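S.K.: The structure's right below; bear with me while I get my questions together.
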Amino acid sequence: MTVLTDLVDQLARQLTHKQLRLATVESCTGGRIGGVLTDKSGSSDWYEGGWITYSNALKTALGVDPDLIDQYGAVSEEVALAMVSAGRAAAGVDCCISVTGVAGPTGGSAEKPVGTVWIGWALPGDRLRAQCHQFEGDRASVREQSIVAALSGLLQQL
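Just so you know, UniProt numbering puts 143 at position 143 of the sequence shown, and the rest follows in order with no gaps.
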């Protein structure tokens, strides 16, 4: 069993036990979180679906204030929280995960180098939380680490 499979199994049990539904809003992971969640048979019992908001235009179409993107950048705590809040509202779910970051190998800056990833969680009771990670490795590795951090972070907070 892989780390991801184990995380998804644990998450499925928790969401099912607590009768919670989940949605995702992904940028740098490009839909891979939704992919690993739906690899699990029966995921329709607890996973509503998700959005791949790779561009800023799609972030704003979902409901992220373009002024937040202009002021803080797409890779920021403010945008991660806005993404997760908009996703939860649009899907009508209890929980939501958002991921926005710089997977590389290009696109980084001195302020936000390659590997900078913000993960947001919307939790029951209108709780919102975001956490910044600085992952190492190539593009695939940064994306994989982002998925693990997003799922394990939700699991720890349920």
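By construction, the Cβ of each residue, glycine as well, lies at the ideal position given by its N, Cα and C atoms.
Please read all numbers here as calculations on a predicted model, not as lab measurements.
1. Would you mind stating whether V84 and L22 have Cβ atoms separated by less than 7 Å?
2. Considering Q134, what are the terminal residues of the beta strand (DSSP E) in which it resides?
3. Between which residues of its own chain and P66 is the CB-CB distance below 7 Å, once the five residues before and five after are set aside?
4. Alpha carbon to alpha carbon, how far is E78 from T2?
5. Excluding five sequence neighbours on each side, which residues of the same chain lie with their C-beta closer than 8 Å to the C-beta of S146?
6. How many Å lie between L4 and A57 at the Cα?
7. E48 lies in the alpha helix (DSSP H); which residues open and close that run?
8. By alpha-carbon positions, which one of K18, I97, Q71 ends up nearest to G153?
9. Could you tell me which residues DSSP pairs with C95 in its beta bridges?
10. Beta-carbon within less than 6 Å of Q14's beta-carbon, same chain only, minus the 5 sequence neighbours each way: which residues are those?
11. How many Å lie between R88 and D138 at the Cα?
12. For S41, which option in E144, D9, V25 has the closest C-alpha, if you only look at C-alpha atoms?
13. State the start and end residues of the unbroken alpha helix (DSSP H) segment that holds residue 216.
M.R.: Let me spell this out:
1. Against a cut-off of 7 Å, the Cβ pair of L22 and V84 comes out as no contact.
2. Q134 -> beta strand (DSSP E) spans 127 to 134.
3. Excluding sequence positions up to five before and after P66, its CB lies within less than 7 Å of the CB of T60, all in the same chain and listed in chain order.
4. Note on geometry: alpha-carbon atoms of E78 and T2 lie some 32 Å from one another.
5. Contacts found: C28, T29, V99, G101, A103, V117, I119, H133, F135.
6. Separation of L4 and A57 (C-alpha to C-alpha, rounded to the nearest whole angstrom) is 30 Å.
7. Where E48 is concerned, there is no enclosing alpha helix (DSSP H), although the beta strand (DSSP E) it sits in stretches over 47 to 52.
8. Out of K18, I97, Q71, I97 has the C-alpha closest to the C-alpha of G153.
9. Looking at the DSSP assignment, C95 forms a beta bridge with L22.
10. Here the set comprises L158.
11. CA-CA distance, R88 to D138, rounds to 30 Å.
12. Checking every option, the nearest Cα to that of S41 belongs to D9.
13. Here the chain covers residues 1 to 158 and nothing more, so residue 216 does not appear.
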